[in-house]
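Protein chains in written order, with full-length UniProt numbering: chain W, 1 to 175; chain G, 1 to 175.
From the three backbone atoms N, C-alpha and C, an ideal C-beta is built for every residue, glycine too.
Just so it is clear, the structure is predicted and the values come from calculations on it, not from any experiment.
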DNA sequence: GACCTACCTGTCAATAGTGACATGTCGATG
DNA sequence: CATCGACATGTCACTATTGACAGGTAGGTC
């Protein structure tokens with residue numbers, strides 16, 4: 001079960017409401033690491049609160065509840081991160097598509113590969129901007145989160161882009 | 001729904017039984033792209049057969065049934081691969097763990113990062129061996145599958161390894 | 001003051017996926 | 001010929017996740 005730990009991680013960076021957590025999944029986490037909609041986040045927050053791993057620290061306008069991690073929650077997150085999983089869960093549709101590419105005619109495969117190369121190049125460009133904004137902050141703590149993530153995403157994009165270019169070149173040479 | 005397409009892709013490389021498909025998920029696909037156990041593969045094969053996208057071409061010993069893709073199945077796979085998804089499904093526990101790393105004390109984060117660097121280095125070494133075996137084959141068709149996948153996996157491992165090393169260095173410099 | 005947009009939380013039915021359990025077969029080894 | 005490990009397919013209960021539906025609020029603009 002990764003969702004509760006994802007929530008603990010986000011909340012341990014800084015307290016937030018369920019709504020803000022949902023936004024965080026849409027913008028950052030959900031694009032590379034783990035997807036979750038508000039329909040799983042809200043019930044999970046209630047479960048975590050019941051288990052004493054998070055607590056409501058503030059009630060704001062429009063029924064908004066701000067959650068923060070408790071010491072018990074922080075300990076749970078630490079234990080989880082330090083315990084290496086035997087076989088981590090993987091489910092990435094984009095990568096699956098790349099794996100299946102060789103089932104296509106070379107001409108079709110080239111179309112898809114060019115699209116991938118372009119999309120990842122664009123993603124990398126965007127993340128380079130994000131990275132500049134976080135460049136000076138320390139690695140752990142509130143700011144480091146964005147920095148580690150941006151750097152990871154950037155390298156990820158570049159690796160896929162380079163792979164796509166390599167595959168395009170090889171395919172073209174064969175034709 | 002990605003599982004049916006993953007099955008169509010594997011079967012379009014060459015016909016196989018459900019058991020062999022299960023092994024393929026364990027060895028290759030499930031490690032980077034998409035996990036599935038035999039408990040979801042067998043029912044899905046029956047659904048695909050009923051829909052006319054695959055068919056049983058051979059019945060072997062121990063009740064083994066060899067499945068092959070039909071023309072309709074091949075067309076379905078092609079359409080799916082050529083249609084870019086608005087937002088692809090992502091769910092990668094390993095990446096999630098990396099994102100949450102900054103919630104740890106620097107000392108703890110270093111432990112995890114060193115473990116990641118080591119594991120990815122080892123994975124890369126293994127895949128370099130695999131790559132050599134497929135080096136001469138053409139890109140599309142039965143052999144290209146392994147080649148594209150091995151190259152992708154290798155670059156993936158190297159990117160994560162380099163990221164981990166970068167993070168370790170920065171963390172150590174701060175300490 | 002009407003209206004609109006973003007904010008904010010939820011339920012519920014349906015679907016997807018996992019783990020435990022069940023069952024039987026073929027081939028090799030001692 | 002007994003036994004064992006890999007081969008081979010399946011069900012079922014449980015859990016996780018998604019999508020459709022639901023309902024209400026604060027702040028800003030016209």
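- Of all C-beta pairs linking the region 16-25 of chain W to the region 33-41 of chain W, three or more are shorter than 8 Å, placing the two stretches in contact.
- In the three-state scheme derived from DSSP, where H, G and I count as helix and E and B as strand, residue 55(W) is classed as strand.
- Within 7 Å of the CB of residue 60(G), no CB atom of chain W is found; the nearest one sits about 24 Å away.
- Look at the region 70-83 of chain W: the residues with a C-beta under 7 Å from a C-beta of chain G are 77, 78, 81, 82.
- With three or more CB-CB distances shorter than 8 Å, the region 107-120 of chain W counts as touching the region 156-172 of chain W.
- Non-local C-beta neighbours of residue 167(W) in its own chain, meaning closer than 7 Å and more than five positions away in sequence, comprise 113, ordered along the chain.
- Judged by their CB atoms, residue 81(G) and residue 104(W) are nearer to each other than the 7 Å cut-off.
- Not flagged as an interface residue toward chain G: residue 27(W), since no C-beta distance is shorter than 7 Å.
- Within the UniProt domain "Transcription regulator PadR N-terminal" (7-78) of chain G, the complete beta strand (DSSP E) runs of at least 3 residues fall at 54-59, 65-69.
- By the neighbour-count criterion, in which a residue is buried when 16 or more other Cβ atoms sit within 10 angstroms of its Cβ, residue 46(W) is exposed.
- Here residue 59(W) has 65 as same chain residues with Cβ atoms under 6 Å from its own Cβ, once five neighbours each way along the sequence are excluded.
- Taking a beta-carbon distance threshold of 7 Å, residue 92(W) counts as an interface residue toward chain G.
- The shortest CA-to-CA distance from residue 123(G) to any of 150(G), 69(G), 97(G) is the one to 150(G).
- For residue 93(W), the uninterrupted alpha helix (DSSP H) run begins and ends at 93-100, by DSSP.
- Beta-bridge partners assigned by DSSP to residue 90(W): 92(G).
- By a beta-carbon distance limit of 8 Å, residue 131(W) does not contact residue 159(G). Their separation comes to about 15 Å.
- Exposure of residue 87(W) is indicated by the presence of fewer than 16 other C-beta atoms within 10 angstroms of its C-beta.
- A direct Cα-to-Cα measurement between residue 165(G) and residue 120(G) gives close to 11 Å.
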